[in-house]
Amino acid sequence: MAELNAFITEETIEGADDGPLAGTTVAVKDNISTEGVRTTCGSEMLADYVPPYDATVVERLTDAGAEIVGKANMDEFGMGTTTETSAFGATRNPVDPDRVPGGSSGGSAAAVAAGEADLALGSDTGGSVRCPAAFCGVVGIKPTYGLVSRYGLIAYANSLEQIGPIAPTVREAAALLDVIAGPDPNDGTTREEGADSDYAAAADGDVEGLTIGIPTELFEGADEGVVETVEAAVADLEDQGAETVEVSLPSVEHAVAAYYVIAMSEASSNLARFDGVRYGHSGDAEGNWNDTFAATREEGFGAEVKRRILLGTYALSAGYHDKYYEKAQDARAWVRQDFEDAFEAVDVIASPTMPVPPFELGEGLDDPLKLYLADANTTPANLANLPAISVPAGESDGLPVGLQLVGPKFDEETVIRAASAVEN
Ligand code: GLN
Numbered sequence: 004m005a006e007l008n009a010f011i012t013e014e015t016i017e018g019a020d021d022g023p024l025a026g027t028t029v030a031v032k033d034n035i036s037t038e039g040v041r042t043t044c045g046s047e048m049l050a051d052y053v054p055p056y057d058a059t060v061v062e063r064l065t066d067a068g069a070e071i072v073g074k075a076n077m078d079e080f081g082m083g084t085t086t087e088t089s090a091f092g093a094t095r096n097p098v099d100p101d102r103v104p105g106g107s108s109g110g111s112a113a114a115v116a117a118g119e120a121d122l123a124l125g126s127d128t129g130g131s132v133r134c135p136a137a138f139c140g141v142v143g144i145k146p147t148y149g150l151v152s153r154y155g156l157i158a159y160a161n162s163l164e165q166i167g168p169i170a171p172t173v174r175e176a177a178a179l180l181d182v183i184a185g186p187d188p189n190d191g192t193t194r195e196e197g198a199d200s201d202y203a204a205a206a207d208g209d210v211e212g213l214t215i216g217i218p219t220e221l222f223e224g225a226d227e228g229v230v231e232t233v234e235a236a237v238a239d240l241e242d243q244g245a246e247t248v249e250v251s252l253p254s255v256e257h258a259v260a261a262y263y264v265i266a267m268s269e270a271s272s273n274l275a276r277f278d279g280v281r282y283g284h285s286g287d288a289e290g291n292w293n294d295t296f297a298a299t300r301e302e303g304f305g306a307e308v309k310r311r312i313l314l315g316t317y318a319l320s321a322g323y324h325d326k327y328y329e330k331a332q333d334a335r336a337w338v339r340q341d342f343e344d345a346f347e348a349v350d351v352i353a354s355p356t357m358p359v360p361p362f363e364l365g366e367g368l369d370d371p372l373k374l375y376l377a378d379a380n381t382t383p384a385n386l387a388n389l390p391a392i393s394v395p396a397g398e399s400d401g402l403p404v405g406l407q408l409v410g411p412k413f414d415e416e417t418v419i420r421a422a423s424a425v426e427n
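And the structure:
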């Protein structure tokens with residue numbers, strides 16, 4: 004189904020003959036490095052870039068027997084919520100082709116939802132695995148920061164992002180997490196915790212005796228149909244033996260603002276490396292190095308990426324650093340504390356993944372703020388570095404609705420266990 008435009012590059016990387024993923028096809032988001040296969044980040048800047056090495060997750064996939072079938076479409080450098088900022092054209096939602104698949108890992112989720120790949124990898128800086136999973140009616144996991152190696156992931160905002168699995172079911176997503184999780188000497192932020200977990204086995208668990216926190220703040224601004232669908236799924240978990248209690252996360256009203264200041268600041272620094280010298284697009288300019296640098300970036304980056312580099316540079320500049328960047332870090336610490344307090348009383352926290360149903364194609368193009376605000380429920384888990392999953396909760400007006408579960412650090416097993424009960 005080429006008209007979905009789920010892939011930027013359709014090229015096969017064979018895996019080992021046997022292993023837990025033998026016979027499985029996987030789509031890999033195009034910001035994850037594949038040796039010998041071009042990796043564009045959805046950008047004109049890297050349209051011809053062919054990495055000389057594999058990301059750790061790609062090595063782990065092929066060692067486990069998976070066959071990589073292509074590089075999935077994405078918002079440019081992961082900056083978006085719809086996959087419309089890709090320099091290679093938008094991806095469509097297989098459930099309704101007039102709607103977006105979500106983003107930024109929209110190609111990954113669309114490929115899985117349409118059966119163009121059995122499984123996929125995305126990356127989640129502020130919701131980019133969970134949002135497209137919710138919009139396409141599949142499962143997506145954002146692991147605890149430090150569970151999965153980012154070696155070979157082309158960085159957008161390092162302190163926030165993790166690579167995560169997308170799959171049709173919780174069990175399959177968990178089995179993919181089993182393969183990619185665990186410490187990596189090439190990524191100093193990875194940790195030993197969780198290394199001997201069995202995520203696929205956790206998908207067999209039940210919710211008997213589990214306490215689920217319901218944060219009023221994450222239901223308040225959401226669309227009515229979305230809230231009803233999620234509440235029905237939560238009621239079903241109660242029928243299965245879970246207990247629900249209201250919790251409050253007062254800091255989350257600042258999550259989107261803090262997230263965008265931090266993400267844009269880190270992006271402005273990370274993307275400084277695209278200078279047209281060692282790799283990527285090279286601007287055609289007469290004159291000094293500054294002119295060539297400017298031409299490279301003027302031609303190579305799209306509008307959303309430029310907007311974020313400008314805003315991020317501003318937030319970090321002398322005189323504004325305290326006002327924006329440090330304030331955002333304070334808000335981040337507050338969000339982290341709110342979750343810690345909540346987890347004194349509950350095992351997991353449930354909410355809608357996205358406060359809205361999938362946007363129509365083009366709907367958010369001229370209104371970046373509207374798209375930023377749609378990240379209200381996903382960004383808190385990135386700010387607090389916590390594990391989170393989006394699992395289909397049902398439909399509203401024929402469109403998929405995702406339920407998000409967030410857990411304590413490195414407690415993916417409980418999150419997976421609760422999510423598998425939502426599927427039942
Ligand atoms: N929509 C968010 C953003 O544009 C999330 C992106 C992501 O997780 N990569 O920053």
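Residue numbers (our numbering): 4 to 427.
Using N, Cα and C, we set each Cβ at its ideal position, and we do this for glycine too.
(request) Please classify K326: is it buried, with 16 or more other beta-carbons within 10 angstroms of its beta-carbon, or exposed? (result) The count along the sequence shown starts at 1 and reaches residue 326 at position 323. K326 counts as exposed, since fewer than 16 other C-beta atoms from the protein chains shown sit within 10 angstroms of its C-beta.
(request) Kindly list the residues whose CB is nearer than 6 Å to the CB of R420, restricted to its own chain and excluding five residues on each side of it in sequence; keep chain order. (result) Stepping through the sequence shown from its first residue, residue 420 is reached at position 417. The answer, listed in chain order, is A205 and G208.
(request) For Y148, count neighbouring Cβ atoms within 10 angstroms of its own Cβ and tell me buried if that reaches 16, exposed if not. (result) To locate residue 148, count along the sequence shown from 1; it is residue 145. Y148 is buried by the Cβ-count criterion.
(request) Can you have a look at E175 and say buried or exposed, based on whether 16 or more other CB atoms are within 10 angstroms of its CB? (result) Residue numbering aside, residue 175 sits at position 172 when the sequence shown is read from its first letter. Label assigned to E175: buried.
(request) Below 7 Å CB to CB, which residues in the same chain sit around Y328 once its five sequence neighbours on both sides are set aside? (result) In the sequence shown, residue 328 corresponds to position 325, counting from 1. V264, S268, A318 and L319, listed in sequence order.
(message) Would A348 and Q407 be called neighbours here (beta carbons separated by less than 8 Å)?
(response) The count along the sequence shown starts at 1 and reaches residue 348 at position 345. The count along the sequence shown starts at 1 and reaches residue 407 at position 404. It is not a contact, given that the beta carbons lie outside the stated cut-off.
(request) Would you mind sorting R63 into buried or exposed? The rule is 16 or more other CB atoms within 10 Å of its CB. (result) In the sequence shown, residue 63 corresponds to position 60, counting from 1. R63 is buried by the Cβ-count criterion.
(message) Looking at the secondary structure, which residues open and close the beta strand (DSSP E) in which F10 lies?
(response) On the sequence shown, position 7 is the one that residue 10 refers to. Counting along the chain, the unbroken beta strand (DSSP E) around F10 starts and ends at F10 to T12.
(request) Count the C-beta pairs between the segment 181-199 and the segment 148-158 that are closer than 8 Å, then say yes if the count reaches three, no if not. (result) Output reads yes: the segment 148-158 touches the segment 181-199.
(request) Provide the residue span of the alpha helix (DSSP H) that contains E249, from first to last. (result) The residue labelled residue 249 in the question sits at position 246 within the sequence shown. Per DSSP, E249 lies in no alpha helix (DSSP H) segment; the continuous beta strand (DSSP E) that holds it begins and ends at E246 to V250.
(request) With distances taken Cα to Cα, identify the nearest neighbour of V31 among F91, A238 and D121. (result) Within the sequence shown, residue 31 is the residue found at index 28, counting from 1. Nearest option by C-alpha distance: D121.
(message) By the three-class DSSP mapping on this structure, what secondary structure does L7 have?
(response) Numbered from 1 along the sequence shown, position 4 holds the residue referred to as residue 7. Reduced to three states, the DSSP call for L7 is helix.
(message) Any heavy atom of the ligand GLN inside 7 Å of the beta-carbon of T42?
(response) Stepping through the sequence shown from its first residue, residue 42 is reached at position 39. Result no, Cβ not under 7 Å from the ligand GLN.
(message) Just to confirm, is the Cβ distance from A298 to G286 under 8 Å?
(response) Taking the sequence shown and counting its residues from 1, the one referred to as residue 298 is at position 295. Taking the sequence shown and counting its residues from 1, the one referred to as residue 286 is at position 283. Yes.
(message) My output table needs one value for L156: the three-state DSSP class, helix, strand or coil.
(response) Within the sequence shown, numbered from 1, the residue matching residue 156 stands at position 153. Reduced to three states, the DSSP call for L156 is strand.
(request) Could you tell me the distance, in whole angstroms, from the CA atom of A117 to the CA atom of A170? (result) Counting from 1 along the sequence shown, the entry for residue 117 is found at position 114. Counting from 1 along the sequence shown, the entry for residue 170 is found at position 167. CA-to-CA, the gap between A117 and A170 works out to about 11 Å.
(message) Please classify S251 as buried or exposed, where buried requires at least 16 neighbouring CB atoms within 10 angstroms.
(response) Reading the sequence shown from its first residue, position 248 is the one you call residue 251. Burial is judged here by how many other beta carbons sit within 10 angstroms of a residue's own beta carbon; S251 has fewer than 16 and is exposed.
(request) Report buried or exposed for E13, applying the criterion of at least 16 other Cβ atoms within 10 angstroms of its Cβ. (result) Residue numbering aside, residue 13 sits at position 10 when the sequence shown is read from its first letter. Result: exposed.
(request) Name the residue from T381, P186 and A266 whose alpha carbon lies nearest to the alpha carbon of R153. (result) The residue you call residue 153 lines up with position 150 of the sequence shown. In this structure, P186 is the residue among T381, P186 and A266 with its C-alpha nearest to the C-alpha of R153.
(message) Check whether the segment 367-382 and the segment 77-91 touch, using three or more Cβ-Cβ pairs below 8 Å as the test.
(response) Yes, the segment 367-382 touches the segment 77-91.
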